[in-house]
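The structure under discussion appears below in the form of structure tokens.
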Amino acid sequence: MNIESIETFVILAENENFTKTAEIQYLVQSTISNRINELEKYIGKELFLRNNKSVKLTAYGKAFLPYAKSMIMLKRDGIIKARAVGIYEDRLALGLENSIYKGVVSSIIKEYYLAFTNIAIKIKVNHSEDIINLLGDGILDIGFVYTKLKSSKFEVINFGKDEIILVTSPKNKIMGQAEISYTDLIQLPLLYADLGEEFFKWLSILFGDSPLLKLSVDEISYVIDFVKEGFGYAFITKSSAKSELEHGEIIQVKIKDSVPPSRQIYMLINKNKKDTLAIKSWMDIVNSMNKS
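Our numbering runs 449 ahead of the 1-based position in the sequence shown.
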């Protein structure tokens, strides 16, 4: 089993088309077919269902896909690490959700960048579940997530809380008071971003277990974009829209008789790497900034 076949497998799994996969890899289609056939022979299972119109992953292919992606990332990571020898003493690989980066961790990363010129930095922005998987595979050193978990692989640190607030835009034509009642929420065109289980439980008391809201996405930045244009109201983490709040592009609406639950942020450290120069230096920065 070679890495080229694994890379071809991942690309084909993503676009489900032999011709497109061949174009992406600048190869003839027969080479793509040969690579997939060799990989299937090596694994001993059929990875794709093929017909004249489409290519779909089998159950075996779906099971293999996340491991294939991890192998490719490890390959790239190893090459980068090897090339960095002699240029930098170490490298710090960080994974975090976009909203955590914007308001909570970006200032620490910038301080770290300036303080430790001998250490390279890699930042991976993704959802908590993906970050945890990459940490477990050893691809990341430190992760910032909203998910609390117990694992012998990680040191878990309560990093802080992220306040959840209700916002709208000055452009919102139905904007009323700067303070409303909790029960008034059901009358609003509410744009929903996934803010975790505790928040969903809090909102479900009013809306029911399966609320049909005006817009639902799993990324806060998309909701903020809609709110800025005056499309409605949304709950967001305060840190994710720090700049927009400061510049008046969106405004906070107080809820006078209920408080949304905050989101706990956890810093996960890969225990196998905690004694590296990169992580020790990171913790020096974190501890110094907490004291100031």
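All C-beta atoms, glycine included, are put in the ideal place defined by N, C-alpha and C.
From a predicted model like this one, the values you see are computed outputs, not experimental measurements.
Specify the secondary structure class of A627 as computed by DSSP and reduced to three states.
Residue numbering aside, residue 627 sits at position 178 when the sequence shown is read from its first letter. Coil at A627, not helix or strand.
Using CA coordinates, which residue listed in T686, L640, T632 is at the minimum distance from V553?
For the purposes of this step, residue 553 is taken as the residue at position 104 of the sequence shown. Nearest C-alpha to V553: T686.
Check whether I734 and I557 have beta carbons under 9 Å apart
Your numbering for residue 734 matches position 285 in the sequence shown. Your numbering for residue 557 matches position 108 in the sequence shown. Cβ atoms of I734 and I557: closer than 9 Å.
Cβ neighbours of I492 in the same chain (closer than 6 Å, five flanking residues each side left out)
The residue labelled residue 492 in the question sits at position 43 within the sequence shown. Excluding positions up to five away in sequence, the list is empty.
Taking the straight line between their C-alpha atoms, what separation do you get for T596 and V605?
Residue mapping note: residue 596 aligns to position 147 of the sequence shown, counting from 1. Residue mapping note: residue 605 aligns to position 156 of the sequence shown, counting from 1. Going from the Cα of T596 to the Cα of V605 covers about 10 Å.
Between the C-alpha atoms of S555 and I699, what's the straight-line distance to the nearest angstrom?
Position 106 of the sequence shown, counting from 1, holds the residue named residue 555. Position 250 of the sequence shown, counting from 1, holds the residue named residue 699. Approximately 21 Å, taken between the alpha carbons.
Chain-order list of residues whose beta-carbon lies under 6 Å from that of I452 (same chain, five-residue window excluded)
As a first step, residue 452 is located in the sequence shown; it is residue number 3 there, counting from the start. For I452, where only same-chain residues beyond five positions count, the Cβ hits under 6 Å are K524.
Under the three-state DSSP convention, the category V676 falls into
Residue 676 sits at position 227 when you count from the first residue of the sequence shown. Helix, per DSSP.
Minimum C-alpha distance to A569 - residue among N483, G587, L543:
Within the sequence shown, numbered from 1, the residue matching residue 569 stands at position 120. The candidate whose alpha carbon is nearest that of A569 is L543.
Proximal residues to Y641 (C-beta, below 6 Å), its chain only, five neighbours per side dropped
To locate residue 641, count along the sequence shown from 1; it is residue 192. The residues are L662, S665.
CB-CB length for R484 against T507, believed under 8 Å
If you number the sequence shown from 1, residue 484 lands on position 35. If you number the sequence shown from 1, residue 507 lands on position 58. Actually they are not in contact, since the Cβ atoms of R484 and T507 sit about 17 Å apart, beyond 8 Å.
Excluding the five sequence neighbours on either side, which residues of its own chain have a C-beta within less than 6 Å of the C-beta of E612, listed in chain order?
For this step, residue 612 is matched to residue 163 along the sequence shown. Counting only Cβ-Cβ distances below 6 Å, and skipping sequence neighbours, we find K687, S711.
Look up R712 in the DSSP assignment and give the residues it is bridged to.
Against the sequence shown, residue 712 aligns to sequence position 263. According to DSSP, which records beta bridges pairwise, R712 is partnered with D611.
Based on Cα-Cα distance, which residue from K610, K571, D633, A462 lies nearest to L498?
For the purposes of this step, residue 498 is taken as the residue at position 49 of the sequence shown. Taking only the C-alpha atoms, the option nearest L498 is A462.
By how many angstroms is the C-alpha of T617 removed from the C-alpha of M732?
The sequence position of residue 732 within the sequence shown is 283, counting from 1. The sequence position of residue 617 within the sequence shown is 168, counting from 1. Spanning the two alpha carbons is a distance of roughly 37 Å.
So, using beta-carbon positions, are F684 and P638 closer together than 9 Å?
Here residue 684 refers to the residue found at position 235 of the sequence shown. Here residue 638 refers to the residue found at position 189 of the sequence shown. Contact flag unset, no.
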